[in-house]
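Residue numbers (our numbering): -7 to 415. For reference, the structure is listed below as structure tokens.
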Amino acid sequence: MTLKIKKPLKVLKNTFGFDEFRIPQGKIVDSILDKKTTLALLPTGYGKSLCFQIPAICLPGYTLVISPLIALMEDQVFHLREKNISAIGLHSANKLNKKTFLNLFAKQHYKFIYISPEKLLSPFFRKLFQKNPPRFIAVDEAHCFSLWGHNFRPEYRKLPSYFSSIYPTPHLALFTATASSEVVKDIASNFDINKNNIYAGSFFRKNLFLSLKKFHLKSQRFLYICYLVFHKYKNQNGIIYCITRKEVEVLAQAIEKHDFHKQLKLAFFHAGRSQKEKEVIQKKFIDNKIQLLITTNAFGMGIDKSNIRFVIHAQMPSCMEHYVQEIGRAGRDRKQSFCELLIHPTDITVHENLSNNPSALKKITAFSKSKKCHHKKILWFFGEKVSDDSRCNACEYCSPSKDIFISKMNSKNKINSRQTFIK
């Protein structure tokens, strides 16, 4: 595609190794470089970090990236440094020497500064960045701003007033992988974003085969999980999601007990593990030293692993946003991958006891009950238009046979990335 500004395309190729932007990445980059406050909704694995890293590299000065999770910051900082781009993550796990940081900051050493909203609004950094404003600010995981978002963080609500206190006003762009229409309206209203500067990539991932199964007995569900990990997806990398820490540990122990031939490299992950343990597990999983990870939704945000071949939800997720974000971690290399949603009636009871968002639970429950194309239901949820008579050829309703799905994925008749469904 032809861009108004040539430099971004050069950065895309020379720094990141891609020949062209995916739609609508190029328009997002253009919008930012045209100094328009921009909102980008790009599904997990779609390359949203490129959309703020490329304009940041094109612009003079430093860029501030506001991010909610240490793992997400550190993953991006690591990859930028690999490309000889100076970056730092300001968070609790970074034992920062303020004198050293201020010295490097004064010398304009950093191109990217990643920071949580809580640390950004602390007196020290608030004054520092107001006095020495960034040229560009990217707000990652922007759905955390909204009261209706699935990962609400109160400090995000204070960002609009903080940004208005910075002069000269920096470029501003917000990014999220999962936002319902009410969340988009909330963000656009509070950050004064013109509807013409809101961009969305398609939520249809044609390489993901989606299936859903319901079980009357928990024992049946467990036996099916064993079938999946020991046979159907044997020797492949995957993630199993559970609702609670206890369920994660119980399932991990049960699978290990049934691994009679010790064939699985398995670990479990949740927020209750120490920071050091989490860092070790994440690194081993990225490096393929762990094959199967059993986790709560505490794992995954910002983790860039391309070869995850399957995602199993051993229990129903709490909301559609979590479900879509989590299945999006499979097949980031665009190769065929599989997503299994396994439901037992008690899942709803667990969520009712834990959740303060009955509306979100109602929507994911409706999704599980509807006997229609799974991909189509996801697109409808995110407001993406799709014709009623279309077929995705990538779910149990539109392509019941796994073999047919793989055949279509491997066929020479390539599907355009913007074509939502094949009729």
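We treat Cβ as the ideally placed atom computed from N, Cα and C, and that holds for glycine.
Within 10 Å of its beta-carbon, does E248 have 16 or more other beta-carbons around it, so buried, or fewer, so exposed? exposed
Does A79 come out as helix, strand or coil in the three-state DSSP assignment?
strand
- So, are the CB atoms of P35 and V21 less than 7 Å apart? no
Could you name the residues of the same chain whose beta carbon sits closer than 7 Å to that of L200, not counting the 5 residues immediately before and after it, in chain order? I319, A322, G323, S329, C331 and A386
Next on the checklist: Please classify R213 as buried or exposed, where buried requires at least 16 neighbouring CB atoms within 10 angstroms.
Outcome noted: buried
May I ask you to verify whether the region 104 to 115 touches the region 49 to 67, counting CB pairs closer than 8 Å and requiring at least 3? yes
8 Å contact criterion, which R301 and N186 should meet: CB distance rounded: Rounded, the Cβ-Cβ distance is 41 Å, inconsistent with contact.
Roughly how many angstroms lie between the CA atoms of F121 and I80, to the nearest whole one?
-> 15 Å
- Message: Since T168 and L33 should fall inside the 8 Å C-beta cutoff, what is the C-beta to C-beta distance between them, to a whole number of angstroms?
- Response: 6 Å
**Asked** What are the boundary residues of the alpha helix (DSSP H) that I282 is part of?
**Response** That residue, I282, is in no alpha helix (DSSP H); it is neither H nor E in DSSP.
- Could I get the ranges of all uninterrupted beta strand (DSSP E) runs contained in the region 5 to 59, with 3 residues as the minimum, in chain order? 30 to 33 and 55 to 58
Original post:
Who pairs with H305 in a beta bridge, going by DSSP?
Top reply: Y233 and L333
message: Please state the DSSP three-state secondary structure of H135.
response: helix
Range of the contiguous alpha helix (DSSP H) that encloses Y315
M312 to I319
What number of angstroms, rounded off, separates the C-alpha of P52 from the C-alpha of E241?
48 Å
### Query
Do you know offhand how far N95's Cα is from F196's?
47 Å
Looking at K150: is its Cβ nearer than 7 Å to the Cβ of L113? yes
- Query: Whose C-alpha, out of K257, I340 and K275, is nearest the C-alpha of S360?
  - Reply: I340
- prompt: Quick one, which of F97, I46 and G141 has its alpha-carbon nearest L4's?
  reply: I46
Distance check for N349 and F277, CA to CA, integer angstroms please.
32 Å
Exercise. With contact counted as at least three CB pairs below 8 Å, one residue from each stretch, are the region 134 to 141 and the region 168 to 177 in contact?
Worked result: yes
**Asked** So the alpha helix (DSSP H) K91 belongs to, where does it begin and stop?
**Response** K90 to A98
Minimum C-alpha distance to F13 - residue among G193, C234 and Q100: G193
Item to check | Three-state secondary structure assigned by DSSP to K226 | outcome: coil
Checklist line | Distance between H223 and K281 (C-alpha atoms, nearest Å) | finding: 20 Å
| field | Under 7 Å between C-beta atoms of L72 and F104 | value | yes
* Using the DSSP secondary-structure output, state which residues sit across from H163 in a beta bridge. => F128
Discussion item. Mapping the DSSP letters down to three states, classify S203 as helix, strand or coil.
Written reply: strand
query: Would a C-beta distance cut-off of 7 Å place P152 and F128 closer than the cut-off?
result: no
Practice item. Taking V316 as the reference, give the member of A259, F374 and V272 with the closest Cα. Key: F374
So L284 packs on K205, CB below 8 Å; how close in whole Å?
-> Their Cβ separation, rounded to whole angstroms, is 19 Å, which puts L284 and K205 out of contact at 8 Å.
Next item on the list: Identify, in the order they occur along the chain, each residue of the same chain with its Cβ nearer than 8 Å to the Cβ of I24, setting aside the five sequence neighbours on each side.
Entry: T30, C43, F44, P47, F128, H163 and A165
By a C-beta neighbour count over all protein chains shown, 10 Å radius and 16 as the cutoff for buried, is L346 buried or exposed? exposed
Integer-rounded CB distance, given that I179 should sit under 8 Å from P125: No, P125 and I179 are not in contact; Cβ-Cβ is about 22 Å, not under 8 Å.
Per DSSP, the bridge partner or partners of F291 = Paired residue(s): none; F291 is not in a bridge.
For V272 and D381, what's the separation of their Cα atoms in angstroms?
47 Å
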